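Asker: Here it is: the structure, laid out below.
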Ligand code: ASP
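Numbering (our numbering), first residue to last: 1 to 310.
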């Protein structure tokens, strides 16, 4: 089962905990499709979303997830808050903690900031993305989407393509897919590979044809320009030519390979727009749908673990 106080990353999780989270999320996903209202397991609890970095889908997804389970949800616009007045992250956390929330959902531009915050507060903390470090609910929603499409989450070949170096999505996925015994390939230009790539124990290539060969899953990543200082690619046109996913490159993967992207997408840079919209290949909208289910499951399990610990 799941008995942790926080969800800070995929790294500490045991495969049985990942499966428990996905099973609970699957239950919520099925309920949503059937149009049934879930049990309000978070009724009477307060969820605060603190996003120190821009977000559209993740913030909305956490907000909807909390509301569906009956929580009182407050989203704080952190740029406009006391941080702009110079208050430190820890002071902000302690101030909020004194208001006794039950769940704190945090996104921060610095790797490790969410872990630090979790040490200072008494409620459950969920990492909604910290710098290049981790984005655990994204990897979990990707895992659920893969499991639903492929009927399993092991012994699959998954190609993760593009800007690996700046991507917390790639990092969390790499860890999760490895724990569940899948074969992962990283595909992208050497300038967009993390320096520690050799130590990761996965296949690495800068050739899309070789990287996608017989893949079951093709996961594209956004070029994270906000994390680049300097030129990492010659031009977007050239990048698209070599690394952008189109039907011709996808033909190297298995005929039933699925196409994923965490969003937001740069159409015509890392992925062809028509392919992204092709419901026979792309599961990008299902990823968004599973995002709500996974966040409901994570908050349900964390709140349950806290209640049992009391
Ligand atoms: N939305 C994801 C993240 O926050 C992916 C991205 O921004 O490209 O990391």
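Cβ coordinates follow ideal geometry from the N, Cα and C atoms, glycine included.
On a predicted model such as this, the values are computed, not experimentally measured, just so you know.
Pick helix, strand or coil for residue 211, following the three-state DSSP scheme.
Answerer: The residue labelled residue 211 in the question sits at position 211 within the chain shown. In this structure, residue 211 counts as helix in the three-state DSSP scheme.
Asker: Would you mind stating whether residue 144 and residue 22 have Cβ atoms separated by less than 8 Å?
Answerer: Counting from one through the chain shown, the residue named residue 144 turns up at place 144. Counting from one through the chain shown, the residue named residue 22 turns up at place 22. Yes; because the gap between Cβ atoms is below 8 Å, this pair is in contact.
Asker: Apart from the five residues on each side of it in sequence, which residues of its chain come closer than 7 Å, Cβ to Cβ, to residue 194?
Answerer: Position 194 of the chain shown, counted from the start, is the residue given in the question as residue 194. So the qualifying residues of the chain are 164, 165.
Asker: What did DSSP end up calling residue 54 once you bin it into helix, strand or coil?
Answerer: Working through the chain shown from its first residue, we reach residue 54 at position 54. In this structure, residue 54 counts as coil in the three-state DSSP scheme.
Asker: Is the CB-CB distance between residue 125 and residue 114 below 8 Å?
Answerer: As a position in the chain shown, residue 125 is number 125, starting the count at 1. As a position in the chain shown, residue 114 is number 114, starting the count at 1. Yes, the pair counts as a contact, with Cβ atoms nearer than the cut-off.
Asker: Could you spell out where the alpha helix (DSSP H) holding residue 172 opens and where it closes?
Answerer: Along the chain shown, one-based indexing puts residue 172 at 172. Note, residue 172: alpha helix (DSSP H), 168 to 179.
Asker: Which ranges does the alpha helix (DSSP H) cover as unbroken runs of at least 4 residues, wholly within the stretch 200 to 252, from first to last along the chain?
Answerer: Whole alpha helix (DSSP H) segments, 4+ residues: 208 to 212, 236 to 243, 247 to 250.
Asker: I'd like the span of the alpha helix (DSSP H) that includes residue 160, first residue to last.
Answerer: The count along the chain shown starts at 1 and reaches residue 160 at position 160. Premise fails: residue 160 lies in the beta strand (DSSP E), 157 to 161, not in any alpha helix (DSSP H).
Asker: Taking only three categories from DSSP, how would you classify residue 127?
Answerer: Mapped onto the chain shown, residue 127 falls at position 127. In this structure, residue 127 counts as strand in the three-state DSSP scheme.
Asker: May I ask you to report which of helix, strand or coil DSSP gives residue 45?
Answerer: Here residue 45 corresponds to residue number 45 of the chain shown, with the count starting at 1. Coil, per DSSP.
Asker: Taking the CB atoms as reference points, tell me whether residue 191 and residue 232 lie closer together than 8 Å.
Answerer: Stepping through the chain shown from its first residue, residue 191 is reached at position 191. Stepping through the chain shown from its first residue, residue 232 is reached at position 232. The answer is yes: Cβ separation under 8 Å.
Asker: Any idea if residue 180 is buried or exposed, counting beta-carbon neighbours within 10 angstroms, 16 or more meaning buried?
Answerer: Here residue 180 refers to the residue found at position 180 of the chain shown. With 16 or more Cβ atoms within 10 Å of its Cβ, residue 180 is classed as buried.
Asker: Where does residue 99 fall in DSSP's three states?
Answerer: Counting from 1 along the chain shown, the entry for residue 99 is found at position 99. If DSSP states are grouped into helix, strand and coil, residue 99 belongs with coil.
Asker: For residue 52 and residue 245, what's the separation of their Cα atoms in angstroms?
Answerer: Your numbering for residue 52 matches position 52 in the chain shown. Your numbering for residue 245 matches position 245 in the chain shown. Residue 52 and residue 245: Cα-Cα distance of roughly 31 Å.
Asker: Tell me, please, which residues DSSP counts as bridged to residue 260.
Answerer: Walking along the chain shown from the start, residue 260 turns up at place 260. Bridge partners of residue 260: 219.
Asker: Would the beta-carbon of residue 73 fall within 8 Å of that of residue 54?
Answerer: Your numbering for residue 73 matches position 73 in the chain shown. Your numbering for residue 54 matches position 54 in the chain shown. Not a contact, by the Cβ cut-off of 8 Å.
Asker: When the Cβ atoms of the stretch 1 to 14 are set against those of the stretch 35 to 44, are three or more pairs found closer than 8 Å?
Answerer: Verdict: no, contact absent.
Asker: Express the C-alpha separation of residue 307 and residue 289 in angstroms, rounding to a whole number.
Answerer: Here the question's residue 289 lines up with position 289 in the chain shown. Here the question's residue 307 lines up with position 307 in the chain shown. Roughly 28 Å separates the two Cα atoms.
Asker: Using C-beta distances below 6 Å, list every residue in its chain close to residue 281, excluding the 5 sequence neighbours before and after it, in chain order.
Answerer: Numbered from 1 along the chain shown, position 281 holds the residue referred to as residue 281. Here the set comprises 259.
Asker: By the DSSP assignment, the beta strand (DSSP E) with residue 192 in it spans what residues?
Answerer: For this step, residue 192 is matched to residue 192 along the chain shown. Segment: none, residue 192 is in no beta strand (DSSP E) and carries neither H nor E.
Asker: Does DSSP classify residue 18 as helix, strand or coil?
Answerer: Indexing the chain shown from 1 puts residue 18 at position 18. In this structure, residue 18 counts as helix in the three-state DSSP scheme.
Asker: Rank 5, 284, 303 by C-alpha distance to the C-alpha of residue 141 and give the top, closest one.
Answerer: Your numbering for residue 141 matches position 141 in the chain shown. The residue with the shortest Cα to Cα distance from residue 141 is 284.
Asker: Let me know if residue 136 comes out buried or exposed under the rule of 16 or more other beta-carbons within 10 Å of its beta-carbon.
Answerer: For this step, residue 136 is matched to residue 136 along the chain shown. Burial call: buried.
Asker: Residues bridged to residue 108 by DSSP?
Answerer: What you label residue 108 is simply residue 108 of the chain shown in a count that begins at 1. BP columns for residue 108 point to 130.
Asker: Might you give, ordered along the chain, the residues of its own chain that have their beta carbon closer than 6 Å to the beta carbon of residue 168, omitting 5 neighbours on each side?
Answerer: Locating residue 168 in the chain shown gives position 168, where the first residue counts as 1. So the qualifying residues of the chain are 129, 132, 133, 134, 135.
Asker: Applying the 10 Å Cβ sphere with the 16-neighbour rule, what's the burial state of residue 108?
Answerer: Position 108 of the chain shown, counted from the first residue, corresponds to residue 108. Residue 108 should be labelled buried.
Asker: Does the Cβ of residue 294 lie closer than 7 Å to at least one heavy atom of the ligand ASP?
Answerer: Position 294 of the chain shown holds residue 294. Residue 294: no, Cβ never under 7 Å from the ligand ASP.
Asker: How close, in whole Å, do the beta carbons of residue 204 and residue 221 come, if the pair is a contact with beta carbons under 8 Å?
Answerer: Translated into positions along the chain shown, residue 204 becomes position 204. Translated into positions along the chain shown, residue 221 becomes position 221. That pair is no contact at about 14 Å.
Asker: I believe residue 1 touches residue 20 by the beta-carbon criterion, under 8 Å. Please report the beta-carbon distance rounded to the nearest angstrom.
Answerer: The residue given as residue 1 occupies position 1 in the chain shown. The residue given as residue 20 occupies position 20 in the chain shown. With 8 Å as the limit, residue 1 and residue 20 qualify as a contact, their Cβ atoms being about 5 Å apart.
Asker: For residue 159, count neighbouring Cβ atoms within 10 angstroms of its own Cβ and tell me buried if that reaches 16, exposed if not.
Answerer: Here residue 159 refers to the residue found at position 159 of the chain shown. The residue in question, residue 159, is buried, as its Cβ has 16 or more Cβ neighbours within 10 Å.
Asker: For residue 261 versus residue 212, is the C-beta distance shorter than 8 Å?
Answerer: Here the question's residue 261 lines up with position 261 in the chain shown. Here the question's residue 212 lines up with position 212 in the chain shown. In this structure, residue 212 does not lie closer than 8 Å to residue 261 by Cβ.
Asker: Taking any heavy atom of the ligand ASP as the mark, which residues have a C-beta closer than 7 Å to it, listed down the chain?
Answerer: Those residues, listed in chain order, are 55, 57, 58, 129, 135, 138, 167, 168, 169, 221, 222, 224, 262, 263, 264.
Asker: Which two residues bound the contiguous beta strand (DSSP E) that contains residue 77?
Answerer: In the chain shown, residue 77 corresponds to position 77, counting from 1. Residue 77 -> beta strand (DSSP E) spans 72 to 77.
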